[in-house]
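> Before I ask anything, let me first share the structure, which is written out below as structure tokens.
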Amino acid sequence: MLQASNVTFRIGNKALISDVSLTFPPGQLHLIIGPNGAGKSTLIKVLARLLRPQRGKIEYESVDVEAASEADLARRRAVLSQAVEVAFPFTVREVVMMGRYPHFGGRPGPADENIVDDLMAFFDVTEFRDRDYQTLSGGERQRVNFARVLAQLWRLTPGSLALNGSSSNPLCRFLFLDEPLTFLDIRHQIDFMKKVRSFTDAPDVVTVGVVHDLNLATRFADQIVLLDGGQVIAVGSATDVLTLENIRKVFHVEPTFVSVQSGMHLVFD
Amino acid sequence: MTKQRGTRRGFLLILAVATLIALAASIRFGAIDFSIADITHALTSLIPGHPEPTLNQRIFLELRLPRAVLCLFVGASLGVGGTLMQALFRNPIVEPGLVGTSSGAAFGSALFFVLGGVLHIAASVWTLPIAACIGGVVSTYLVFLLAKSREDGRASIVMLLLTGLAVNALFMSAIGFLSYIARDPQARSITFWSLGTLSGANWKSVSIVSITTTVGSILALRYAKQLNALMIGEEEATYLGVNVNRLKWIILSINVVIVAVATAFTGVISFVGLIVPHILRMMRGADNRFLIVGSALLGATLLSLADLIARLALRPAELPIGIVTSAVGVPIFLSLLRRRQYVF
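Protein chains in written order, with the numbering used here: chain A, 1 to 269; chain B, 1001 to 1344.
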């Protein structure tokens, strides 16, 4: 469970997020939508504790994250960004292995090696394993980063990270997606969302992401958060949030709702 | 890039052998060539009960050998310093000599020589290295302070290089002034500070530089993984559990100490820190654990070879070593600058 209570984040006098309270239960896919400048990315960064809010608090399973150490957080929280530039010629496998850094001290163990190999296969990047990351296309890079981010959250045995060893319930893992679909073609967008969806089906995974495509959000989200001007306008299921009224008000476009086989589809004028 | 992981260890082994060969050549050849018999006699004379060394062997023990060993450690510290700086700024055209660290350190130690003579400061062995470190810290900090953009607080690489140029010029002219008024023979030689030379090597300098270089490199090695994470960006490194600000301070401090202390005894030797990591990355990729170990070995090897050239080119006279390293380093630096993808 991820909880934000009365969170406000300012830069100077400008509130990028104001008084946001939200609850994200595990096992569900939560997608944040909103126009440019709504504060979506900022909210993701605040939830992932890259940015510290001036007011309010973020709790991971009722524990305030303010005081958590970077290293502890990194073992259960990962963020997939829009695009990642690697400064020097690292191989694809070296980049994916970085996802395991929070989990080993000196050198990777056999478990880390296996996880990395499995995830490279899952994202279909095994053929690039020894290629220089810098030579890959944008879409290929993003697949590598997705493998890296999931490697960071991958668990060998459920419950191995149990709180103080006293609880039998494993701690939740938190996956944040900061507009990861921007540079992907439509096939890979859908493929990505399917993979996110299946990862999120684990009962201890909280996934919160930002997407631009309202139809993609409608199709994959369990909960949609509509953000505008740093404030939550609506939150709930797609049919609750994506109403004619809300879309007009926030996006200033005129939607038409089309019924398709998989549900609802939006067309804009 | 081809498959690298398995071959890195072997590559480092080859480098270590190359370092030993360079050391052997470096102790054997110079203004005078020592025969292998001379060298063994000189070395065995150190063991109690063996015959006293001859004058020739004494020259070997007091001048040639410390110079060769100092050369290894200075080369290693410059190589590691270059690797750390390039990782810190995620840019392959940064090196200690370019961002002011070396000239500041040289200024600090020149100031120590001049003031020490005037004020009769009671100096311990560590006073000179500390003076060099203070100079190095001040100049490096000055460069980053001045290069920082007013808008977003980040230092662009162009600003960094230009500011480094200006700050280097400032400290070099200050060194010129100090050399002009100095009485100490070491401080009086402006060539010593600006072009670098290992001719002043003795066992005292060897012991100090070997300590800072070894401790600094081992410490840096502990942060190799975090430096790797930094290579995919500061935000991403934070997500991977790295305390980025803390890492930056640690790496910058290690770099300033190892480079400044080396500079205190040899003057400014440019471009070693630039070339060494670059060559290693081309050969076996950018993993920082490999780069730190490799740049210590390759830095030591290359500087030994450069010093050998400096001693042999105009034998029996001697070139400042900075002339040799610059002659090799500048073309590489320029070719790196012209590759646009590196400039951001």
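Even glycine gets a Cβ: it sits at the ideal position worked out from N, Cα and C.
Keep in mind that this is a model prediction, so the values were computed, not measured.
Compute the beta-carbon to beta-carbon distance between A/L2 and A/G39, rounded to the nearest angstrom, for a pair I have assumed lies under 8 Å.
The Cβ separation is near 17 Å, so there is no contact.
> Answer with buried or exposed for B/G1273, where buried requires no fewer than 16 other C-beta atoms within 10 angstroms of its C-beta.
That one is buried.
> Looking at B/P1277: is its Cβ nearer than 8 Å to the Cβ of B/G1100?
It is not a contact, given that the beta carbons lie outside the stated cut-off.
> Do you know how far the Cα of B/A1260 is from the Cα of A/A162?
Since pLDDT at A/A162 reaches only 34, below the 50 mark, its modelled position is unreliable, and the value read off the structure follows with that caveat. Each residue's alpha carbon lies about 47 Å from the other.
> Quick check: the Cα distance between B/C1071 and B/R1281, rounded to an integer number of angstroms?
Roughly 23 Å between the two C-alpha positions.
> Would you say A/A87 reaches chain B, if we count a Cβ-Cβ gap shorter than 8 Å as a contact?
Yes, contact with chain B.
> Quick test of the definition: if touching needs 3 or more C-beta pairs under 8 Å, does the segment 1200-1207 of chain B touch the segment 1056-1068 of chain B?
The segment 1200-1207 of chain B is in contact with the segment 1056-1068 of chain B.
> Quick check on A/H212: does DSSP put it in helix, strand or coil?
It is coil, neither helix nor strand.
> Report yes or no: is there a C-beta of chain A within less than 8 Å of the C-beta of B/Y1141?
With 8 Å as the cut-off, B/Y1141 does not count as an interface residue toward chain A.
> In whole angstroms, what separates the C-alpha of B/V1324 from that of B/S1304?
Approximately 11 Å, taken between the alpha carbons.
> Would you kindly report the start and end of the unbroken alpha helix (DSSP H) that includes B/R1067?
First-last of the alpha helix (DSSP H) with B/R1067: L1065 to L1088.
> Report the neighbours of B/V1242 on chain A: residues whose CB is nearer than 7 Å to its CB, in chain order.
Result: E70.
> So A/S18 and A/G230 are in contact, right, with Cβ under 8 Å, and what is the actual spacing, rounded?
Right, their Cβ atoms sit about 5 Å apart.
> Following the continuous beta strand (DSSP E) through B/L1061, name the residue where it begins and the one where it ends.
Note, B/L1061: premise wrong, no beta strand (DSSP E); not H, not E.
> Under a three-way DSSP split, which group does A/A60 fall into?
It is Tyr, not Ala, that sits at residue 60 of chain A in the sequence shown. Reduced to three states, the DSSP call for A/Y60 is strand.
> Got a sec, what are the start and stop residues for the beta strand (DSSP E) A/V7 sits in?
Here the beta strand (DSSP E) through A/V7 covers L2 to I11.
> Along the segment 184-216 of chain A, where does the CB come closer than 8 Å to a CB of chain B? Name the residues.
Of all residues in the segment 184-216 of chain A, none has a Cβ within less than 8 Å of some Cβ in chain B.
> For B/P1051, does the three-state DSSP call read helix, strand or coil?
In the structure shown, B/P1051 sits in coil (DSSP, three-state: anything other than H, G, I, E or B).
> Would you mind working out which of B/I1059, B/G1030, B/G1049 and B/L1046 sits nearest B/R1315, comparing C-alpha positions?
Nearest of B/I1059, B/G1030, B/G1049 and B/L1046 to B/R1315, Cα basis: B/G1030.
> I want to verify the contact list: residues of chain C whose CB lies under 8 Å from the CB of B/D1307, in sequence order.
Absent from the structure is chain C; the protein chains it does hold are A and B.
> Do the segment 1169-1183 of chain B and the segment 1047-1055 of chain B touch if we need at least three Cβ pairs shorter than 8 Å?
The answer is no - the segment 1047-1055 of chain B does not touch the segment 1169-1183 of chain B, with fewer than three Cβ pairs under 8 Å.
> Distance check for A/A74 and A/E66, CA to CA, integer angstroms please.
Whole-angstrom Cα-Cα distance: 14 Å.
> Determine which residues of the segment 1225-1242 of chain B have a Cβ less than 7 Å from any Cβ of chain A, and write them out in chain order.
Flagged, chain order: K1225, N1228, A1229, M1231, I1232, G1233, E1235, E1236, T1238, Y1239, L1240, G1241 and V1242.
> Name the chain A residues that come within less than 8 Å of B/R1008, Cβ to Cβ?
Under the 8 Å cutoff, chain A gives no residues; its nearest Cβ is about 11 Å from B/R1008.
> Ordered along the chain, which non-local residues of its own chain (more than five positions away) have a Cβ less than 8 Å from that of A/S167?
Because the pLDDT at A/S167 is just 41, under 50, the model does not fix this residue reliably, and the value given afterwards should be weighed accordingly. Same-chain partners within the cutoff: there are none.
> Between A/R49 and the rest of its own chain, which residues show a CB-CB distance below 6 Å, the 5 nearest in sequence each way excluded?
Answer for A/R49: V65, listed in chain order.
> If contacts are defined as beta-carbon pairs under 8 Å, then A/Q152 and A/A78 qualify, I think. What distance do you get, rounded to the angstrom?
Rounded, the Cβ-Cβ distance is 4 Å, consistent with contact.
> Quick one: what does DSSP say A/R77 is sitting in, helix, strand or coil?
Of the three classes helix, strand and coil, the one that applies to A/R77 here is strand, per DSSP.
> Are the segment 1087-1100 of chain B and the segment 1154-1163 of chain B touching by the rule of at least three beta carbon pairs closer than 8 Å?
The segment 1087-1100 of chain B vs the segment 1154-1163 of chain B: in contact.
> Kindly say whether B/D1038, judged by its beta-carbon, lies nearer than 8 Å to any beta-carbon of chain A.
B/D1038 does not count as touching chain A.
> Check the Cβ of B/G1285 against every Cβ in chain A and list those closer than 9 Å, keeping chain order.
Going along chain A in sequence order, the residues near B/G1285 (Cβ under 9 Å) are F88, P89, F90, T91, E94 and D132.
> Taking the DSSP output, what are the residues bridged to A/A278?
Residue coverage of chain A in this structure runs from 1 to 269, which leaves residue 278 of chain A outside it and unanswerable.
> By the criterion of Cβ-Cβ separation under 7 Å, what are the contact partners of A/A151 in chain B?
The premise fails here: A/A151 is roughly 11 Å from chain B at the closest Cβ pair, so nothing lies under 7 Å.
> What do you reckon, are the CB atoms on A/L270 and A/V205 nearer than 8 Å?
Shown here, chain A extends from 1 to 269; a query on residue 270 of chain A therefore has no answer.
> In this structure, how does DSSP classify A/P255 when only helix, strand and coil are distinguished?
Strand at A/P255.
> Measuring straight from C-alpha to C-alpha, what distance separates A/L226 and B/V1293?
Roughly 51 Å separates the two Cα atoms.
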